[in-house]
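Final position of the sequence shown in the working numbering is 253; the numbers increase by one with none missing. Note that the Cβ used here is the ideal one computed from N, Cα and C, for glycine as well. Note that this is a predicted model, so its numbers are computed, not measured. Have a look at the structure below before the remarks.
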Amino acid sequence: MKTLILPTPESAIKRAADIIDHTVRATPDTVLGLATGGTMLPLYDELAQRHREDGLSFAATTSFNLDEYIGLAPDHPCSYHRYMAEAFFERVDIDPTRTHLPRGDAADPHVASNAYETLIEEAGGIDLQLLGIGQNGHIGFNEPTASIGSRTRIKTLTASTRQANQRYFASFEETPRYAITMGVATILESRKCLLLATGEAKADAVARMIEGPLSAACPASALQLHARATVILDQAAATGLKFSEYYETVHPQGRDRVFD
Ligand code: F6R
-6 MKTLILPTPE SAIKRAADII DHTVRATPDT VLGLATGGTM LPLYDELAQR HREDGLSFAA
54 TTSFNLDEYI GLAPDHPCSY HRYMAEAFFE RVDIDPTRTH LPRGDAADPH VASNAYETLI
114 EEAGGIDLQL LGIGQNGHIG FNEPTASIGS RTRIKTLTAS TRQANQRYFA SFEETPRYAI
174 TMGVATILES RKCLLLATGE AKADAVARMI EGPLSAACPA SALQLHARAT VILDQAAATG
234 LKFSEYYETV HPQGRDRVFD
């Protein structure tokens, strides 16, 4: 795993934006895998700003989001459809017909999950998958003990994930219990992965992902199997790492090393 430790959350966001920016300018028809959550909001702000001020265009890209809550229609204010529209899609020139999220309101979520896998396959697979990490080590909504071989499917959310996401809903009871999420194997099939984590609350999960054993108990540790996974951290999210001196030697201040 390529571990880049940036001094501040702002510099970590810019570093992640640089990678997406570079990818999309080099290959305008990139297939992007996208994530939601608080961590991604300043990243989408940065990308929208580069679109407005620096000609970064998403017009030819296709996107697939990781997950959506079951039971929420796309126009529900707390749905990830709405989140993506407001945080990103409506602020850039991406073609709405080429943006995809699982349908949380599908009559049959199993069928919708399988159909989502087919859509990704038909698009030629995901070139760059953006990821956040849960405090319990989840990626997408692959909660601890999710199979490393899992595909897009229904997952039951843990109480801790529901508590973390409760801030968007009126109460814990109203916070959804289930989601459709890309599986761990779906994520691992992306040609590149880019995980962004900021803040001390993520430090323990980050350490388990990068330096812990490969284990379903920490689904993010499955990224150890990916040949082209980059993790971007701010100092606070890196505080649990044992080998940070080594990461700093290879990538001083999160820069690319000479041999990249
Ligand atoms: C969101 C997602 C989740 C989040 C994770 C971190 O699409 O798949 O894995 O990335 O829960 O969320 P924040 O950034 O809110 O801490």
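- For F236, same chain residues with a beta-carbon under 7 Å away, outside a window of 5 residues either side, are E204 in chain order.
- Here the segment 216 to 226 does not lie against the segment 156 to 169, with fewer than 3 beta-carbon pairs under 8 Å apart.
- One thing to note: A80 has its Cβ no nearer than 7 Å to the Cβ of L59.
- Taking the C-beta atoms as reference points, K148 is found nearer than 7 Å to A172.
- For G97, the distance from the CB to the nearest heavy atom of the ligand F6R is not below 6 Å.
- Under the three-state reduction of DSSP output, A157 falls in the helix class.
- Spanning the alpha carbons of T145 and N107 requires a straight line of approximately 7 Å.
- Under the DSSP assignment, A172 falls in the beta strand (DSSP E) whose first and last residues are Y171 to T174.
- Per DSSP, reduced to three states, the secondary structure at L123 is strand.
- R43 is not bridged by DSSP to any residue.
- Per DSSP, R18 is one residue of the alpha helix (DSSP H) stretching across P2 to A19.
- From the listed residues A213, E3, L189 and D22, the smallest Cα separation to A116 is found for D22.
- When distances are taken from the beta-carbon of A28 to the heavy atoms of the ligand F6R, the shortest one is below 6 Å.
- In terms of side-chain proximity, the C-beta atom of D60 is found nearer than 6 Å to a non-hydrogen atom of the ligand F6R.
- L49 and M202 have their C-alpha atoms some 32 Å from each other.
- For V85, no alpha helix (DSSP H) segment is defined, and its DSSP state is neither H nor E.
- As computed with DSSP, E61 is found in a beta bridge with I173.
- Look at G127: its beta carbon is less than 6 Å from one of the heavy atoms in the ligand F6R.
- Its chain contains Q128 and G233 as the residues whose beta carbon lies nearer than 8 Å to that of D197, once the 5 sequence neighbours on both sides are disregarded; these appear in chain order.
- Cβ-Cβ distances below 7 Å link T168 to R155, N158, Q159 and F162 in the same chain, with the five nearest sequence neighbours on each side left out; the list follows chain order.
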